[in-house]
Amino acid sequence: MSNENAVTMTKMNYDANRPKAKNPVKIEDLSLRDGHQSLFATRGRTEDMLPVAEMMDQVGFWAMEVWGGATFDTMHRFLNEDPWERIRTLKKYIKKTPFSMLLRGQNLVGYRNYADDVAKVFVERAAANGMDVFRTFDALNDYRNFEIVVPAIKAAGKHFQGCMCYTLTEPRLGGEVYNIDYYVKKARELEAMGADSICIKDMAGLIAPYDAYELVAALKKAVKPPIHLHSHFTSGMSAMSQLKAIEAGVDIIDTVMAPYAYRTSHAAIEPLVMTLIGTNRDTGFDIKLLASINEVLEKEVMPKYKHLLDDTKMSIIDINVLLHQTPGGMLSNLVNQLKQMDAVDRIDEVFAELPRVRKDLGQIPLVTPTSQIVGVQTVNNVLFDTKQERYKMVTDQVKDLCYGLYGKTAVPINSDVQKKALKGYARGEKPITARAASVLEPELEKATESTKGLAKDTDDVLIYALYPVTGLKFLKWKYGKEAPPPETKPTTMEQVRKQDDLIAKAKAGLLVEKPQKKAPAPSANLRKFNVFVDGDYFEVGVDALGGPPMVTYARPTAALAAVTAPAAPAAPAAPAAPAPEAPKAEAPKAAADTKGTPLSAPMPGMIVKYLKNVGDTVREGETIVVLEAMKMENALPAPTNGTVKVLNFSSGDSVKKGDVLAVV
Numbered sequence: 003m004s005n006e007n008a009v010t011m012t013k014m015n016y017d018a019n020r021p022k023a024k025n026p027v028k029i030e031d032l033s034l035r036d037g038h039q040s041l042f043a044t045r046g047r048t049e050d051m052l053p054v055a056e057m058m059d060q061v062g063f064w065a066m067e068v069w070g071g072a073t074f075d076t077m078h079r080f081l082n083e084d085p086w087e088r089i090r091t092l093k094k095y096i097k098k099t100p101f102s103m104l105l106r107g108q109n110l111v112g113y114r115n116y117a118d119d120v121a122k123v124f125v126e127r128a129a130a131n132g133m134d135v136f137r138t139f140d141a142l143n144d145y146r147n148f149e150i151v152v153p154a155i156k157a158a159g160k161h162f163q164g165c166m167c168y169t170l171t172e173p174r175l176g177g178e179v180y181n182i183d184y185y186v187k188k189a190r191e192l193e194a195m196g197a198d199s200i201c202i203k204d205m206a207g208l209i210a211p212y213d214a215y216e217l218v219a220a221l222k223k224a225v226k227p228p229i230h231l232h233s234h235f236t237s238g239m240s241a242m243s244q245l246k247a248i249e250a251g252v253d254i255i256d257t258v259m260a261p262y263a264y265r266t267s268h269a270a271i272e273p274l275v276m277t278l279i280g281t282n283r284d285t286g287f288d289i290k291l292l293a294s295i296n297e298v299l300e301k302e303v304m305p306k307y308k309h310l311l312d313d314t315k316m317s318i319i320d321i322n323v324l325l326h327q328t329p330g331g332m333l334s335n336l337v338n339q340l341k342q343m344d345a346v347d348r349i350d351e352v353f354a355e356l357p358r359v360r361k362d363l364g365q366i367p368l369v370t371p372t373s374q375i376v377g378v379q380t381v382n383n384v385l386f387d388t389k390q391e392r393y394k395m396v397t398d399q400v401k402d403l404c405y406g407l408y409g410k411t412a413v414p415i416n417s418d419v420q421k422k423a424l425k426g427y428a429r430g431e432k433p434i435t436a437r438a439a440s441v442l443e444p445e446l447e448k449a450t451e452s453t454k455g456l457a458k459d460t461d462d463v464l465i466y467a468l469y470p471v472t473g474l475k476f477l478k479w480k481y482g483k484e485a486p487p488p489e490t491k492p493t494t495m496e497q498v499r500k501q502d503d504l505i506a507k508a509k510a511g512l513l514v515e516k517p518q519k520k521a522p523a524p525s526a527n528l529r530k531f532n533v534f535v536d537g538d539y540f541e542v543g544v545d546a547l548g549g550p551p552m553v554t555y556a557r558p559t560a561a562l563a564a565v566t567a568p569a570a571p572a573a574p575a576a577p578a579a580p581a582p583e584a585p586k587a588e589a590p591k592a593a594a595d596t597k598g599t600p601l602s603a604p605m606p607g608m609i610v611k612y613l614k615n616v617g618d619t620v621r622e623g624e625t626i627v628v629l630e631a632m633k634m635e636n637a638l639p640a641p642t643n644g645t646v647k648v649l650n651f652s653s654g655d656s657v658k659k660g661d662v663l664a665v666v
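Under this note's numbering, the first residue of the sequence shown carries the number 3, and numbering increases by one thereafter.
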């Protein structure tokens, strides 16, 4: 019998002898959303999902998460892709497996609470475009922020998965705030809202194996909906926590395909499949099919993104997350922000300040958008605070949080911080206690009017409603009003191969290629010289052509610079091309030749909008411009009383630290 036939026979016997599990654990795959969001900044393109889409549809996943989270933002902002089109395209290839999305409650797929009309229509359009499972969470676990989206999910006949954001104030589950009683209470609230399943959303990989067992066991006793565990690998515990959760009776587990696994992503599916074979929780998945999918991913997809992977660490786990509870995505944002500020050496100060800021802001869970809110404010405190004053530069989102626009925090916000943040706040200095979005005016009609003549349908209008600055820019790219920048174009495998060849040559010292010529045999005229270069010396052989060299006169020179130039050659040489100038670092944009006090960018970012025009009178401290940095908005105040003389930029422009944004 040939080897091939033997393998086939073995596989047939194996399949025949593999009993069907009585209670197979269900698996949701996150590769096409959270996988690439965690590992390479959500830069995965739709075209790179298609080579494996049909194969993944055959695996038998309970659902595949393909949308939501940061994908909506990243696709239109950086990839020049229509987020809605991704759902429709993937639906053509994945026909059996339900689609899942991550919905940030009233935040939808953005970083603030949107008006009720936008929230309702967004859910309706997501369902109409092909979304089946709505994994819905609120960063504060304030389920009043579900009151609009959940009825819309139910009205569309879709699956409402309610999430509890898992966070801690102690090294392990317990303490006065986040304990088993807290999570059981939250699960019962979700059950009362009609949750079809309940998810423990462990975004930082904090849940320890035995805590996972206890929590799942308690939830299974307390509520009827299936329990789902979502745990990032960041700390290295999630694979162990999954096993303990399975022992406790968890119904659904989140995993990713191996190429998208580990580090700040999730545990891989393949080891779990092999671990559970023959048990009463056996997934039933075909490991050979999974291997085939991985082969395609490794050869055709992942090489395009390897430049985005963090290869600065040998370890695939980050034990620091157990100390500072910073989710992987938040951590990379903090490091990037400090790099842009030339202050990466102050990362330890940021880690020390972060728990203080989190406590000041009500011990909020660190998940989008609260992770960004806490993280960016922490960096601001480290960089701009003085001994005399804390919270010197407060972001608009911290002001909104203190006002109540995100909901109710687990413990009260520090009253001094809240009072300072709300001083001069446009909506009022007294916080609200009502449902956050109840104070927001309708937004959809205004967005429709603002995109008149450009938006073709409701989906286009929603892109603008969620992201007015970058959304408008994308719509102009989409309909040919403006050319998208080159950096939005996809990378091809041919480009990857060229880059790999270049790197290989550089490592081999062959970056500058030399013509390969066969060396002649040395003659009797060969002479050897010692050549000294920067403290090293080389023995060099020189073989003069046409006979031995003739030395007619020689004397020591005072200095190398005193050597006279050689005589001009008989035939004039072609003029040498001028050497290219070294690229100069672009200096910060200075103000026009106008007398006055400049308002400079304290950090790199994007201009959201100017609140003042040239000629307006302003008072010191009054906001002139809103600058977005790391997805958070900073209101930059007038440096003095006076009149606005110059505005150097426009909405949507990118600026560097030190650029003069206005002159008063």
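Cβ atoms here follow ideal geometry from the backbone N, Cα and C, with glycine treated the same way.
Anyone know if the C-beta pair for residue i and residue j falls short of 8 Å?
i: glutamate 445; j: valine 120; result: yes
i: glutamate 630; j: methionine 608; result: yes
i: valine 135; j: alanine 72; result: no
i: alanine 1; j: valine 323; result: Within the shown structure, residues of the chain are numbered from 3 to 666, placing residue 1 beyond reach of any answer.
i: proline 261; j: valine 498; result: no
i: glutamine 374; j: methionine 634; result: yes
i: proline 641; j: valine 666; result: yes
i: aspartate 50; j: histidine 268; result: no
i: leucine 449; j: alanine 467; result: Per the sequence presented here, residue 449 reads as alanine, with leucine not at that position. Yes. Within cutoff.
i: leucine 231; j: alanine 214; result: yes
i: asparagine 527; j: glutamate 541; result: no
i: arginine 657; j: proline 606; result: Per the sequence presented here, residue 657 reads as valine, with arginine not at that position. Yes, Cβ-Cβ distance for valine 657 and proline 606 is below 8 Å.
i: leucine 385; j: alanine 436; result: no
i: glycine 598; j: lysine 659; result: no
i: phenylalanine 63; j: threonine 99; result: yes
i: leucine 34; j: threonine 490; result: no
i: threonine 281; j: isoleucine 271; result: no
Within 10 angstroms of its Cβ, does residue i collect 16 or more other Cβ (buried), or is it exposed?
i: proline 227; result: buried
i: isoleucine 255; result: buried
i: leucine 562; result: Low confidence applies to leucine 562: its pLDDT is 39, below 50, so where it sits in the model is not reliable, and the reading given next is rough at best. Burial call: exposed.
i: glutamate 355; result: buried
i: arginine 88; result: buried
i: tyrosine 481; result: exposed
i: lysine 246; result: buried
i: histidine 309; result: exposed
i: alanine 556; result: Per-residue confidence for alanine 556 stands at a pLDDT of 41, beneath the threshold of 50, marking its modelled position as unreliable; the derived number appears in the next sentence. Burial call: exposed.
i: asparagine 19; result: exposed
i: aspartate 312; result: exposed
i: arginine 529; result: exposed
i: glutamine 390; result: exposed
Rank the options by C-alpha distance to the C-alpha of residue i and give the top, closest one.
i: arginine 174; options: Gly164, Met166, Tyr212, Thr645; result: Tyr212
i: valine 275; options: Lys160, Asp545, Met259; result: Met259
i: valine 376; options: Val400, Arg35, Met395, Glu126; result: Val400
i: leucine 292; options: Glu622, Ala23, Met57, Leu649; result: Met57
i: leucine 424; options: Leu442, Thr435, Asp398, Pro371; result: Asp398
i: arginine 127; options: Gly543, Glu67, Ala157, Glu83; result: Ala157
i: phenylalanine 139; options: Lys203, Ser237, Ala224, Gly430; result: Lys203
Would you kindly report the start and end of the unbroken alpha helix (DSSP H) that includes residue i?
i: aspartate 75; result: 73–76
i: leucine 677; result: Outside the displayed span of the chain (3 to 666) sits residue 677, for which this structure offers no information.
i: methionine 195; result: Segment: none, methionine 195 is in no alpha helix (DSSP H) and carries neither H nor E.
i: methionine 605; result: It is not in any alpha helix (DSSP H) - methionine 605 carries neither H nor E in the DSSP assignment.
i: leucine 292; result: 289–298
i: valine 225; result: Careful: valine 225 lies outside any alpha helix (DSSP H) and carries neither H nor E.
Please list the terminal residues of the continuous beta strand (DSSP E) segment that includes residue i.
i: arginine 137; result: 135–138
i: threonine 625; result: 625–631
i: leucine 104; result: 101–105
i: valine 665; result: 662–665
i: leucine 231; result: 229–233
i: isoleucine 202; result: 199–204
i: aspartate 256; result: 254–257
i: glutamine 390; result: Per DSSP, glutamine 390 belongs to no beta strand (DSSP E) and is neither H nor E.
Just confirm the distance between the C-beta atoms of residue i and residue j, as a whole number of angstroms; I'd bet it's less than 8 Å.
i: proline 329; j: valine 298; result: So it is not a contact: roughly 30 Å between Cβ atoms.
i: leucine 208; j: glutamine 327; result: 6 Å
i: valine 27; j: aspartate 75; result: Incorrect: roughly 32 Å between the Cβ atoms, too far for contact.
i: valine 413; j: glutamine 339; result: With a Cβ gap of about 27 Å, valine 413 and glutamine 339 do not count as contacting.
i: leucine 663; j: leucine 613; result: Their Cβ separation, rounded to whole angstroms, is 12 Å, which puts leucine 663 and leucine 613 out of contact at 8 Å.
i: valine 54; j: isoleucine 289; result: The pair is not a contact, with the Cβ atoms about 16 Å apart (cut-off 8 Å).
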